[in-house]
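*Asks:* Mind the numbering: the sequence shown is residues 74 to 196 in the numbering used here, read in order.
We put the CB at the ideal spot given by N, CA and C, even for glycine.
This one's a predicted model, so the numbers in the text were calculated from it and none came from an experiment.
Handing you a structure now.
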Amino acid sequence: MADSLILEVADLEHDVLTGIYSEETGKPQPLRITIQAKMKIADRYEPDTPLEASKNYMDLKAAATTALPEGVHFKLIESLADYICETLFVQDARIEAITIKIVKLAIAEGNEKIGITMTRERG
Numbered sequence: 074m075a076d077s078l079i080l081e082v083a084d085l086e087h088d089v090l091t092g093i094y095s096e097e098t099g100k101p102q103p104l105r106i107t108i109q110a111k112m113k114i115a116d117r118y119e120p121d122t123p124l125e126a127s128k129n130y131m132d133l134k135a136a137a138t139t140a141l142p143e144g145v146h147f148k149l150i151e152s153l154a155d156y157i158c159e160t161l162f163v164q165d166a167r168i169e170a171i172t173i174k175i176v177k178l179a180i181a182e183g184n185e186k187i188g189i190t191m192t193r194e195r196g
């Protein structure tokens, strides 16, 4: 089994203009977003390995929040996932693949999770 390194930001809640909900209400839809970025792994990480040897977790969070274009309606949540992937791929060549899970909170009843999981590999 090959070594791997996956950075993750899980269960980030953010409102985004997307889907029928936003189309019908004109309001952003509350989403729960999890991002996993598969990184090229170093041979070893020593205690004094500098921070630059890995990706900043806050970059993952920003790609799903502050890096989103203001006022853009992502009709499909798949297009939102693609936008987040592209943002992260452009930022860091060490990212090999990204998996994004998006749950639509506004349309869920009870504990169900309605949404998508998308994985994109660097092409």
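Which residue comes first and which comes last in the beta strand (DSSP E) that contains K174?
*Replies:* I168 to K177
*Asks:* Cβ of F147 within 8 Å of Cβ of T192?
*Replies:* no
*Asks:* What does the Cβ neighbour count give for Y130, buried or exposed, with the cut at 16 atoms within 10 Å?
*Replies:* exposed
*Asks:* Using the C-alpha atoms, what's the distance from A126 back to E119?
*Replies:* Between E119 and A126, the C-alpha separation is close to 11 Å.
*Asks:* Just list the residues that DSSP pairs I108 with in beta bridges.
*Replies:* V82 and I173
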